[in-house]
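Here is the structure we will look at, set down as structure tokens.
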Amino acid sequence: MSVADKISGFMEQSSWIRKMFEEGARLKAQLGPENVYDFSLGNPNLEPPEEFHRTLKAAVDDLRPGTHAYMPNAGFADTRAAVAEYLSGLHKVAFGAEHVLMSCGAAGALNCALKAILNPGDEIATFRPFFVEYTFYVDNHGGKIVTAPVLPDFSMDLAALEAQLSPRTAAVLINSPNNPTGKVYIDSDLEALGSLLDRKNAEFGRTIYLIADEPYRKIVYDGVKVPSPFQHYINSLVVTSYSKDLSLPGERIGFLAVHPEADAAKALIGGAVLANRILGFVNAPALMQRVVRHLQGVTVDISVYQAKRDLLCDGLAEAGYDFHKPEGAFYLFPKSPIPNDVEFVAELQKQNILAVPGTGFGGPGYFRLAYCVDDATIQRSMPAFKRAMGAFIRR
Ligand code: PLP
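This is the structure in structure tokens:
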């Protein structure tokens, strides 16, 4: 076989969402798309806001020479300055353009950050369940992922995290609002995490960075605020994108920002900029950089996602499902009514509902529903959710 053993193993490991995608395509062709309830993918179903289209048209009409040329690997200086200004207001920390790297989405930013900090054999500690790609990204740069469980309400279990930290830990990676749980970590937990990392740095004689993966920061409900990691720990980096809050995942635009006072901040951002180049991204897409420069703080209408969350939660509660109401992102992570989440997801599939088993996220006993779908899909799926629950209650 010509494919490397490692990638072949990864293809098997990463197959849940792909399997659902393929099964979804088959079912939709067979039954008609309106009869399949596809909650498998976190692909935003809202169109980008009107300001995006207006700004994009203006950017396309800008015929000044050089607008499509190579640029510094960190991105356009004016875009980075606009991001830095926005971040300074948000986090109450004085960012300059030099602390920002424009990237190909949050995924690109995360890969640049990991390449900049990982030595062979180093570890990245994160909470499980987690966004599956983390395992692969960490491996891309010779590291190893270690995980700690969350508490029953999906908040951080800091004692469990502490048990995973060692002199090999290069960074702790957190994701709030969380995929797949929808949890938003509270301020006092971030403060406690900052103190824990300060203590461990002194104990191990190295810097453990905190990487906050925040593509859902602006997608929060009921007035919830996402606390700033920068306020509680100087060795913090944020990786994020406009994929979810402007509905632009196909455009691959995001950024990495490093706390100006982080240890080795200059080398860290320099390393990440070089990583952007040598990983083959080279730079973030030029056109999109020129667009998002003018869209700092602009989002899709978040209340639409909140209404979808409520519709789904009300329906599933009535059908007898057990879950924590998400505070942000657009995922619900209910308990599987039977211990085997893979078997339950197979039952959902028999009812034409596509979900992803929690096992795929390192969270067995649960399943994930991405509710960035039409309201009609949510409404029409409810009898099918009831039937799936009934199939196990009757046994
Ligand atoms: N991090 C998390 C937690 C995600 O859910 C995703 C996408 O679903 C990403 C990172 C990657 O986002 P992007 O499209 O910006 O690369």
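Everything in the sequence shown is counted per the numbering used here, starting at 3 for the first residue and increasing by one.
Think of the CB as a built atom: it goes at the ideal place given N, C-alpha and C, for glycine as much as any other residue.
Owing to the predicted nature of the structure, the values given are computational and were not obtained by experimental measurement.
Counting along the chain, Val85 sits inside the alpha helix (DSSP H) bounded by residues 79-93. Linking Met384 to Tyr373 through their CA atoms gives a straight-line distance of about 13 Å. According to the DSSP assignment, Arg389 belongs to the alpha helix (DSSP H) that extends over 377-395. Note that the C-beta distance between Pro46 and Lys268 is not below 7 Å. A distance criterion of 6 Å places the beta-carbon of Ser243 in contact range of the ligand PLP, judged by its closest non-hydrogen atom. Residue state for Arg219 is assigned as coil, using DSSP reduced to three classes. Asn354 and Gly26 have their alpha carbons spaced roughly 9 Å apart. Under the three-state reduction of DSSP, Phe257 is assigned to strand. Fully enclosed beta strand (DSSP E) runs of no fewer than 3 residues occupy 211-215, 238-243 of the segment 187-246, in order along the chain. Contact annotation: Ala277 and Gly77 have beta-carbon atoms that are not nearer than 7 Å. Not one heavy atom of the ligand PLP sits closer than 6 Å to the Cβ of Ala378. Ranked by Cα distance from Gly123, the first of Val140, Val134, Ala115, Phe133 is Val140.
For Thr149, the enclosing beta strand (DSSP E) covers residues 146-151.
Note: Ile176 is bridge-paired with Ala214 in the DSSP secondary-structure output. Distance from the C-beta of Gly272 to the nearest heavy atom of the ligand PLP is not below 6 Å.
Straight through space, the alpha carbons of Met391 and Arg279 are spaced by roughly 50 Å. Inter-residue distance for Gly91 and Glu36 is about 44 Å (C-alpha atoms, whole angstroms).
Cβ contact annotation for His296 (same chain, cutoff 6 Å, sequence separation greater than five): Thr57, in chain order. Taking 7 Å as the cut-off, the Cβ atoms of Leu239 and Ala115 count as close.
Annotation: Ala331 to Ala99 spans about 28 Å, alpha carbon to alpha carbon. In the structure shown, Met22 adopts helical secondary structure according to DSSP, grouped into three states. In the three-state reduction of the DSSP assignment, Phe97 falls in the coil class. Secondary structure note for Ala115: its alpha helix (DSSP H) is the uninterrupted segment 107-119.
Val344 has its alpha-carbon roughly 8 Å from the corresponding atom of Pro366. For the options Asn75, Lys21, Leu65, Lys94, the alpha carbon positioned closest to that of Phe232 is the one of Lys94.
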